[in-house]
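Engineer: Handing you this structure, nothing more for now.
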Amino acid sequence: MFEPLVQDKTRVQSESVQTILARLKKGRVYIPDYQRDANQWNSKKKSLFIESILNKITIPGFLFCEDDDRKYEVVDGQQRLNTIRIFANDEFSISDDKTIKYILPYAYIYRGKKYSELE
1 MFEPLVQDKT
11 RVQSESVQTI
21 LARLKKGRVY
31 IPDYQRDANQ
41 WNSKKKSLFI
51 ESILNKITIP
61 GFLFCEDDDR
71 KYEVVDGQQR
81 LNTIRIFAND
91 EFSISDDKTI
101 KYILPYAYIY
111 RGKKYSELE
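Numbering follows my numbering, in which position 73 of the sequence shown is assigned residue number 73; successive positions increment by one, without gaps.
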């Protein structure tokens, strides 16, 4: 079984997207210099990721390293975090491309919508 290198410093916890968004807005999450550019995903990939969240499909976890100031360095998940952040800021709409095949039959209801347009 996997054992953390630093005992009593590693924990696994589930948090809502809203909690993570709140941390982003308060500046408590930061991207270290060693991470690649935050805009690697194309519009289609961003849209499908947001639709996964809206349809309550499990998404991969994020990996953070908490520092002494209770700020969180992103170790894994930068593209996903950036996509959530820019969608929440209405910086892009979910794709209205009708050629995208959806996993769930009712996913089309989100087509072309921004975060502020969701009910």
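Beta carbons: idealized from backbone N, C-alpha and C, even for Gly.
1) Count the other CB atoms within 10 Å of the CB of Tyr110; is the residue buried (16 or more) or exposed (fewer)?
2) Considering only their Cβ atoms, is the gap separating Ala38 from Gln13 smaller than 8 Å?
3) Enumerate, from N- to C-terminal direction, the unbroken beta strand (DSSP E) stretches of 3 or more residues contained entirely within the stretch 71-114.
4) Across the stretch 19-33 and the stretch 52-61, are there enough close Cβ pairs to call them in contact, namely three or more that are closer than 8 Å?
5) Any idea what DSSP makes of Leu118, helix, strand or coil?
6) Confirm, please, whether the CB-CB distance from Lys71 to Tyr30 is below 8 Å.
7) Roughly how many angstroms lie between the CA atoms of Phe92 and Asp68, to the nearest whole one?
8) I think Lys113 touches Ile94, with their Cβ atoms under 8 Å apart; what is that distance to the nearest whole Å?
Structural biologist: Taking the structure as given:
1) Working through the sequence shown from its first residue, we reach residue 110 at position 110. Per the 10 Å Cβ criterion, buried.
2) Locating residue 13 in the sequence shown gives position 13, counting from the first residue. Locating residue 38 in the sequence shown gives position 38, counting from the first residue. Contact flag unset, no.
3) 72-76
4) no
5) Taking the sequence shown and counting its residues from 1, one reaches residue 118 at position 118. Coil.
6) Numbered from its first residue, the sequence shown carries residue 30 at position 30. Numbered from its first residue, the sequence shown carries residue 71 at position 71. Yes, Cβ-Cβ distance for Tyr30 and Lys71 is below 8 Å.
7) Taking the first residue of the sequence shown as 1, we reach residue 92 at position 92. Taking the first residue of the sequence shown as 1, we reach residue 68 at position 68. Approximately 34 Å between the Cα atoms of the pair.
8) Reading the sequence shown from its first residue, position 113 is the one you call residue 113. Reading the sequence shown from its first residue, position 94 is the one you call residue 94. That pair is a contact at about 5 Å.
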